[in-house]
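Asks:
Residue numbers (the working numbering), protein chains in the order written: chain W, 16 to 468; chain C, 16 to 468.
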C-alpha cells in the first residue's frame, strides 16, 4: 500500500466554466444597496470600479460562466492543482477517517488567489484598463494581483496595511519582483488615508482603510480600476474551479466527501472549495457537512451580526448584507492576516442563513500546533490562514476515531506558509498568545452599523 | 496557439532507477584517497559516516540503480516535476530559441534537494541510524534533510553557517517546523568549532567549517551518521531523475535538447539535469552542449585548480580530485549561498577534464536582472542560485536571435526564491555589488593544497 496518494488531473480537465451557485439557491441573496438612496444599485453604479464583464458576472444568475481561453492558458501554469490523500497524517492520528487536502499553494504566488487575479487582470486588460489598484493585508492577494499584472502588462498599485508592510518585507519584495508598486496604508496619497493620519499619525492601518484608499484612487482616475481579492460574487465565482477539480479527483479515488472544510476570511477559498459540493447537494446529490473555519480573534460568521454594512472604513463602497463585526471593528493582533476582515462574503453569509453551511472559530496556537504536525507528516507548511482549516480537519478526524467512523474529510490547503515563517518562529518561541475579540470593541463597532435595509 | 506549455508526466513515469554515469564514461574518475596514507580508501573507511547502502552507490559502476519503493512513494508528493516551455519569456526576448525549464521548486522544501535527502534518510533509517548531522549554507539543503527526517522519524542536527543563521531566520524556522535542530556554525559543540572560535570568536562561518562540525559529530557517536547535500557520487546519482524525466518530457514536446544548462555549486542539480543527456550522447545519441554556470565570486570550474583536496576546512574528510579554490578559500559576500563551496563534485570535475561539459561564470546583478525578467514573464521567482542558470539561458537565447538559430535550450530551475526575498529587496534597492573573487586569497588558499595524488 502506497503512503502518499496524489490525484493529478490532466490539463484538459481544467474546468471550461466557473460555477455560479446563485443559479441553484432556493432564494437569491439580498440586493446590494446604494448608501445614499438605500435603493438597490445597478451595473452602472459599479462601472467606475470594475469592467462591465466582471459586473455582469457579479449579478449573473447563469449556472455556468465560460472561462476565457487566455485565462485557462495561464491556469495551466499550475492547474489542475493536486488533491492529496493525507495517509501519513491519518496514520499519525490513528484515525479511520480518510483525509484529503486540495493544495492551492502550487500557484506561483503560493495561494488560491491567482485563480481570480488572473481572471480579473484579463477582463480589465480587455476593457482597456491601464492600472489596477488594490489592498492587501498579509500580502497573499497583493502578490497574486502583482503576478497577474506582470503577465498582462497592467500597472498594479497595492495599498498594504502598514503593520504588514513593515512586518512582511519579503511579501513586498515579491510584489516588486512582479513589477507592482507597494504603498504602506494609510498613505498620504489619498483623501481617506490623509484623514486617518490626521486623526492618528501612528495608525497601523487595517484592511478596511486600505480598501478605502484603493477604491478612491480607482474611482477618481481614468483607465484605472479596482480589484478585490475576496468577498464579491465574481471573486468567489472564479475560485469555484477548486471544488470542481476536487470532485473529479475524489471520483478518481472512488470516494465522496462527507465533510468539506475551508478557512474563511472574506470567503473566497471557502466558497471555491465548498460551492460546487453544495451545488451538487442542491441539485439532489450527496449533501456533505460544510464547515467554514474562522479565527476566534475575528469571528465574523460565529459572532457577527447579519446586517447591511459597508465593505470599507471610509464608507466608499455600496452596502452589502453580510455577517459583520462592524466596518470600524479592530481585531486584536494575530498571525493570520488573511482572516482579519470585518465582514464576510454576502454569498457565504446568505448560505449560512439558509443553514447550508456551519461555522466554527479557533485560537491561533491550536492552529499552529495542528499545522506543525501536518508539516511533519505531509511535508507542506500551511499558511497561517490555512492552518485554521487543518485544525478543523484534525478535530473531525479525531471525532471519527472516537466514534469509530470512517468518513471522508476534504480540506482546502489554500496556501503555503513560506512568507509567514516569522509566525512559526514566534510559535516555537512561545510568543504567540491566544486572543479573543474584544467584546466592548465589537459592541462599539456594531452600534455604528448603518440603519439601512 | 497556447501561451503556456507544461509537460506533465503521470506518476507512473517517475523513474524506477537512478542513472549512474560512471558506467558510460570512457575513463573512470580518479580514486578517493586516505589523507594519512595517500592510498585509495575502501568502503570500510566511509562506514563511520554513511550507511553501507550509500557507500556501495558511491563506488558503483552499474548503469542503473533501483529506487526503493518507499522513496518513490515520497517522490510522488511532488514528482514528476513539470517541464515548462517558456513561451512568454521567449516572446519578450523576441528569440527564435525554444526555452524549456524543468521546475524543481515544486518540492515541499522548494528545491531539487529532497530528491536525495529522502533517499539518504531512507537508507539511514533502514540501517538503524537514529540521527543525521549535516551542514547548510543558504538553508536549501538543511530544510530538505529536515523535511525527509520528519517523514522517516530521524533526528536531524543542522550546522548552519553563522552568517546565514542570522540573515535567514525563516529558513531556520522552516527546519524547526520540520522538527530539526539548527545550530549556528562555528559552534561550541565540536572540537572543530571550538578551535575556529578560539582563533576568531567573531567568525561568520563557512560551508567547509560547518561540514567539519557535522562530520565530527557523526564520526564520534553511535547511531549517528552524516548526510551531504551535494558533491558526492551518490548524491548526484539521486538527482538524475531530473534529467531522466526531462528527456521524457521533451519527447512529449517532440523536441530534443541542443543546449543543457544548470547552475553548479557542489554540482548536484547540474548533474541531475545534465548526466542523463551526457549519458545518451556517450551511448551514441544526440550530443547537446552542456553548460555549468557558477558565480564569478566563487568560480570553481572556471578558475579553480584540478587537484586533490579536502572537502572541509578542518581536513576530516578523505581527499578527492576536483576543481578547487582551496579548502580555506573565503569567497566575498554574495547572495547565492548554495554556490559558495570551495570545491566541485569530483564527477563533474572529471567530466570537465574530459571536455564533456563547458563552464561559465556570471556576476550576481546580471543574474538577478535576468531572474526578475523571468519572474515577470513566467510567474516563478527563481532562487538566487537558479538565477545563474536563467542568466545563461537568456544569453544563449539572445545568441540564437543574433544568429537566427532556433535551438532548444533546456534549463534547470532548481528552486524558488521565497526564502531569498531579502536578496531581491537588496537588488531593487541597488545594494547588490558585483564581486570578483580575490586573487590574492585564491593564491593563498591554493598554496595550502595537500601534496598528494
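The beta-carbon is built from N, C-alpha and C at its ideal position, and this holds for glycine as well. Being a predicted model, the structure only gives us computed values, none of them experimental.
Is it the case that the Cβ atoms of residue 312 of chain W and residue 450 of chain W are separated by a distance below 9 angstroms?
Replies: Taking the first residue of the first chain as position 1, residue 312 of chain W is located at position 297. Taking the first residue of the first chain as position 1, residue 450 of chain W is located at position 435. The answer is yes: Cβ separation under 9 angstroms.
Asks: Any chance you could list the beta strand (DSSP E) runs of at least 3 consecutive residues sitting entirely within the segment 227-259 of chain C, in chain order?
Replies: Correct list: 239-241.
Asks: Given a limit of 9 angstroms on CB to CB distance, which residues of the segment 184-204 of chain W reach chain C?
Replies: From the segment 184-204 of chain W, only 184, 185, 186, 187, 188, 189, 191, 192, 193, 194 have a Cβ closer than 9 angstroms to chain C.
Asks: Which residues of the segment 101-126 of chain C have a Cβ closer than 9 angstroms to any Cβ of chain W? Give them in chain order.
Replies: Residues passing the 9 angstroms Cβ filter: 103, 121, 122, 123, 124, 125.
Asks: Around the Cβ of residue 235 of chain W, are there at least 16 other Cβ atoms within 10 angstroms (buried) or fewer (exposed)?
Replies: Taking the first residue of the first chain as 1, we reach residue 235 of chain W at position 220. It is exposed - the Cβ of residue 235 of chain W has fewer than 16 other Cβ atoms within 10 Å.
Asks: Buried or exposed: residue 215 of chain W, going by 16 or more other Cβ atoms within 10 Å of its Cβ?
Replies: Locating residue 215 of chain W in the first chain gives position 200, counting from the first residue. Burial call: exposed.
Asks: If you draw a straight line from the alpha carbon of residue 424 of chain C to that of residue 23 of chain C, how long is it in whole angstroms?
Replies: Here the question's residue 424 of chain C lines up with position 409 in the second chain. Here the question's residue 23 of chain C lines up with position 8 in the second chain. Roughly 18 angstroms between the two C-alpha positions.
Asks: Which chain W residues are close to residue 440 of chain C, counting only those with a beta carbon under 7 angstroms from its beta carbon?
Replies: Looking up residue 440 of chain C in the second chain gives position 425. The answer, in chain order, is 184, 188.
Asks: Could you name the residues of the same chain whose beta carbon sits closer than 6 angstroms to that of residue 27 of chain C, not counting the 5 residues immediately before and after it, in chain order?
Replies: As a position in the second chain, residue 27 of chain C is number 12, starting the count at 1. Around residue 27 of chain C: no qualifying Cβ.
Asks: Using the C-alpha atoms, what's the distance from residue 209 of chain W back to residue 203 of chain W?
Replies: The residue given as residue 203 of chain W occupies position 188 in the first chain. The residue given as residue 209 of chain W occupies position 194 in the first chain. Distance between the alpha carbons of residue 203 of chain W and residue 209 of chain W: 5 angstroms.
Asks: Answer yes or no: does any C-beta atom of chain W fall closer than 9 angstroms to that of residue 338 of chain C?
Replies: For the purposes of this step, residue 338 of chain C is taken as residue 323 along the second chain, with counting starting at 1. So no, residue 338 of chain C is outside the interface.
Asks: Please state whether DSSP places residue 20 of chain C in a helix, a strand or coil.
Replies: Indexing the second chain from 1 puts residue 20 of chain C at position 5. Correct three-state label for residue 20 of chain C: strand.
Asks: Our contact map puts residue 200 of chain W next to residue 174 of chain W with C-beta atoms below 8 angstroms; I'd like the distance itself, whole angstroms only.
Replies: What you label residue 200 of chain W is simply residue 185 of the first chain in a count that begins at 1. What you label residue 174 of chain W is simply residue 159 of the first chain in a count that begins at 1. Residue 200 of chain W to residue 174 of chain W, Cβ: 4 angstroms. Contact.
Asks: Could you name the residues of the same chain whose beta carbon sits closer than 6 angstroms to that of residue 120 of chain W, not counting the 5 residues immediately before and after it, in chain order?
Replies: Position 105 of the first chain holds residue 120 of chain W. Hits under 6 angstroms: 430, 431.
Asks: Counting beta carbon pairs with one atom in the segment 291-309 of chain C and one in the segment 33-44 of chain C, are three or more of them shorter than 8 angstroms?
Replies: In short, these stretches touch, since the Cβ pair count reaches three.
Asks: Would you verify that the beta carbon of residue 175 of chain C is, or is not, closer than 9 angstroms to some beta carbon of chain W?
Replies: If you number the second chain from 1, residue 175 of chain C lands on position 160. No, residue 175 of chain C does not count as interfacial toward chain W.
Asks: Can you list the residues of chain D that residue 264 of chain W reaches, using a CB-CB cut of under 9 angstroms?
Replies: In the structure shown, chain D does not exist; the protein chains are W and C.
Asks: Is the shortest distance between the beta-carbon of residue 404 of chain W and the beta-carbons of chain C less than 9 angstroms?
Replies: Stepping through the first chain from its first residue, residue 404 of chain W is reached at position 389. With 9 angstroms as the cut-off, residue 404 of chain W does not count as an interface residue toward chain C.
Asks: Residue ranges of each beta strand (DSSP E) run of no fewer than 3 residues wholly in the segment 169-234 of chain W, ordered along the chain?
Replies: Listed in chain order, the complete beta strand (DSSP E) runs (minimum 3 residues) inside the segment 169-234 of chain W are 170-176, 196-200.
Asks: Between residue 165 of chain W and chain C, is the shortest Cβ-Cβ distance under 9 angstroms, so that the two count as touching?
Replies: Locating residue 165 of chain W in the first chain gives position 150, where the first residue counts as 1. Yes, its Cβ sits closer than 9 angstroms to a Cβ of chain C.
Asks: In angstroms with no decimal places, state the Cα-to-Cα distance between residue 261 of chain C and residue 288 of chain C.
Replies: Walking along the second chain from the start, residue 261 of chain C turns up at place 246. Walking along the second chain from the start, residue 288 of chain C turns up at place 273. Approximately 8 angstroms, taken between the alpha carbons.
Asks: Who are the Cβ neighbours of residue 70 of chain C in its own chain at under 6 angstroms, not counting the five residues just before and after it?
Replies: Position 55 of the second chain, counting from 1, holds the residue named residue 70 of chain C. Contacts found: 58, 61.
Asks: Taking C-beta pairs closer than 7 angstroms, name the residues in chain C that residue 395 of chain W reaches, listed in chain order.
Replies: Numbered from 1 along the first chain, position 380 holds the residue referred to as residue 395 of chain W. Those are 123, listed as they occur along chain C.
Asks: Give me the chain C residues within the contact set of residue 470 of chain W, using Cβ-Cβ distance strictly less than 8 angstroms, ordered along the chain.
Replies: Past the edges of chain W, shown from 16 to 468, lies residue 470 of chain W, and the structure says nothing about it.
Asks: For a test of the three-state rule: what should DSSP assign to residue 427 of chain W, helix, strand or coil?
Replies: Looking up residue 427 of chain W in the first chain gives position 412. Three-state result, residue 427 of chain W: strand.
Asks: What does residue 469 of chain W pair with, by DSSP beta-bridge criteria?
Replies: Any answer about residue 469 of chain W is impossible in this case: the structure gives chain W only from 16 up to 468.
Asks: Using 9 angstroms as the limit for Cβ to Cβ distance, is residue 399 of chain C near chain W?
Replies: Reading the second chain from its first residue, position 384 is the one you call residue 399 of chain C. No, because no Cβ of chain W sits closer than 9 angstroms to the Cβ of residue 399 of chain C.
Asks: Kindly say whether residue 345 of chain C, judged by its beta-carbon, lies nearer than 9 angstroms to any beta-carbon of chain W.
Replies: The sequence position of residue 345 of chain C within the second chain is 330, counting from 1. For residue 345 of chain C, the answer is no, since every Cβ of chain W falls outside 9 angstroms of its Cβ.
Asks: Alpha carbon to alpha carbon, how far is residue 139 of chain W from residue 239 of chain W? Give it in angstroms, no decimals.
Replies: For the purposes of this step, residue 239 of chain W is taken as residue 224 along the first chain, with counting starting at 1. For the purposes of this step, residue 139 of chain W is taken as residue 124 along the first chain, with counting starting at 1. Going by the C-alpha atoms only, they are around 9 angstroms apart.
Asks: Give the residues of chain W in contact with residue 21 of chain C, contact being defined as C-beta atoms less than 9 angstroms apart.
Replies: One-based indexing of the second chain puts residue 21 of chain C at position 6. Simply 26, 91, 92, 93.
Asks: Smallest Cα separation from residue 273 of chain C: which of C:412, C:155, C:390?
Replies: The residue you call residue 273 of chain C lines up with position 258 of the second chain. Comparing Cα-Cα distances from residue 273 of chain C to each of C:412, C:155, C:390, the minimum goes to C:412.
Asks: When the Cα atoms are used, what is the spatial distance from residue 291 of chain W to residue 435 of chain W?
Replies: The residue given as residue 291 of chain W occupies position 276 in the first chain. The residue given as residue 435 of chain W occupies position 420 in the first chain. Residue 291 of chain W and residue 435 of chain W: Cα-Cα distance of roughly 30 angstroms.
Asks: May I ask you to list the residues that DSSP assigns as paired with residue 55 of chain W?
Replies: Here residue 55 of chain W is taken as the residue at index 40 of the first chain, counted from 1. Residue 55 of chain W is bridged to W:48.
Asks: Could you say which of C:390, C:410, C:396, C:439 lies nearest to residue 125 of chain C if we only look at CA atoms?
Replies: One-based indexing of the second chain puts residue 125 of chain C at position 110. Checking every option, the nearest Cα to that of residue 125 of chain C belongs to C:396.
Asks: Give the straight-line distance between the Cα atoms of residue 386 of chain W and residue 308 of chain W, rounded to the nearest whole angstrom.
Replies: As a first step, residue 386 of chain W must be located in the first chain, where it is residue number 371. As a first step, residue 308 of chain W must be located in the first chain, where it is residue number 293. Going by the C-alpha atoms only, they are around 14 angstroms apart.
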